[in-house]
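*Asks:* In case it helps, our numbering puts the sequence shown at residues 3 to 191.
For every residue, glycine included, the Cβ atom is placed at its ideal position computed from N, Cα and C.
Sharing a structure, written as structure tokens. Questions coming.
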Amino acid sequence: MVKNIMIVGVGGQGALLASKTLGQVLLDAGYDVKVSEVHGMSQRGGSVVTYVRYGDKVYSPIVDKGEADFIVSFELLEAARYTEYLRKGGQIVVNTQKIDPMPVITGAAEYPDDLVGKMTAAGLKVDALDCLTLAEQAGTAKSVNIVLMGLLSKYMDFPEDAWLAAIEKLVKPQFLEMNKKAFKLGRGE
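Okay, structure coming up:
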């Protein structure tokens with residue numbers, strides 16, 4: 003059985019490290035893992051999507067509509083934008099940060115109100131957390147991605163040690179302790 007995870011956000015938020023961390027946890031657990039390239043205008047603050055699929059044998063890195071077991075979102079509007087990809091009973095974990103897209107910046111549109119409430123009212127399971135504030139508590143706003151991995155880890159059957167081992171493999175030594183702290187804050191520890 004293949005599991006599907008979508009990581010969505012805005013360019014420059016650290017989606018690539020998040021997908022590498024998740025992929026490392028899954029590889030270390032013995033799964034066949036496919037991680038897609040980052041899609042979108044990642045250099046310009048545009049929408050970015052990464053697919054992570056794992057199981058005994060995975061043939062394609064792409065997640066279709068209605069197939070995602072998890073949507074991990076760095077930003078509220080991005081979470082709302084991709085809800086049609088979530089399977090019935092799937093879980094959304096989302097950073098409550100709002101980053102205005104270009105139509106909002108130019109005044110052509112307004113940022114939608116109460117997106118968490120709207121997603122929940124639509125019957126979706128949403129766990130929303132202020133990951134930016136927690137990342138800053140850990141020592142750097144750049145660790146939002148690792149806070150999100152901590153939040154996601156609460157919903158996946160992998161021990162905390164496996165996640166911390168993946169972080170150790172991927173994060174430079176000088177940033178390791180603050181990233182471990184960010185992960186634990188995401189888990190609510």
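1. For I7, which three-state DSSP category applies?
2. By the three-class DSSP mapping on this structure, what secondary structure does D129 have?
3. Please check the pair V65 and M158, which I expect to be a contact at CB under 8 Å, by giving their CB distance rounded to whole angstroms.
4. Tell me K36's beta-bridge partners as DSSP assigns them.
5. Report the three-state DSSP secondary structure of K171 (helix, strand or coil).
6. Distance check for L88 and G14, CA to CA, integer angstroms please.
7. For A184 and A143, which I take to be in contact (beta-carbon distance under 8 Å), what is that distance rounded to the nearest angstrom?
8. Could you check what DSSP says for G91 in three-state terms: helix, strand or coil?
9. Touching or not, the stretch 91-107 and the stretch 58-74, by the rule of three or more beta carbon pairs under 8 Å?
10. Does DSSP classify F72 as helix, strand or coil?
11. I think F76 touches V173, with their Cβ atoms under 8 Å apart; what is that distance to the nearest whole Å?
12. Rounded to a whole number of angstroms, what is the C-alpha to C-alpha distance between L96 and V37?
13. Between the stretch 106-117 and the stretch 22-37, are three or more C-beta pairs nearer than 8 Å?
14. Would you mind sorting Y53 into buried or exposed? The rule is 16 or more other CB atoms within 10 Å of its CB.
15. For D122, which residues in the same chain have their Cβ closer than 8 Å to its Cβ, ignoring the five residues on either side in sequence?
16. Buried or exposed: Y56, going by 16 or more other Cβ atoms within 10 Å of its Cβ?
17. Under 6 Å Cβ to Cβ from L136, same chain only, skipping five residues before and after it: list those, please.
18. Pop quiz: A130 and V146 are said to be a contact at Cβ under 8 Å. What is the actual Cβ separation, rounded to whole angstroms?
19. State yes or no: is the C-beta of A124 within less than 9 Å of the C-beta of T98?
*Replies:* The relevant details are as follows:
1. Strand.
2. In the three-state reduction of the DSSP assignment, D129 falls in the strand class.
3. With a Cβ gap of about 16 Å, V65 and M158 do not count as contacting.
4. According to DSSP, residue pairing for K36 in a beta bridge involves R55.
5. Three-state result, K171: helix.
6. Taking the straight line joining both Cα atoms gives about 24 Å.
7. With a contact defined as Cβ atoms closer than 8 Å, A184 and A143 miss out at about 10 Å.
8. Three-state result, G91: strand.
9. The stretch 91-107 and the stretch 58-74 touch, with no fewer than 3 CB-CB distances between them shorter than 8 Å.
10. It is a strand residue.
11. About 18 Å separates the two Cβ atoms, so there is no contact after all.
12. The displayed chain sequence assigns Val, not Leu, to residue 96. Distance between the alpha carbons of V96 and V37 is about 20 Å.
13. Inter-segment contact for the stretch 106-117 and the stretch 22-37 is absent: fewer than three beta-carbon pairs are separated by less than 8 Å.
14. So Y53 counts as buried.
15. The sequence shown places Thr at residue 122, rather than the Asp named in the question. Correct list, in chain order: V128.
16. Flag for Y56 reads buried.
17. Answer for L136: V149, L187, listed in chain order.
18. At roughly 13 Å, the Cβ-Cβ gap does not stay under 8 Å, so A130 and V146 are not in contact.
19. Here A124 is not near T98, since their CB atoms are 9 Å or more apart.
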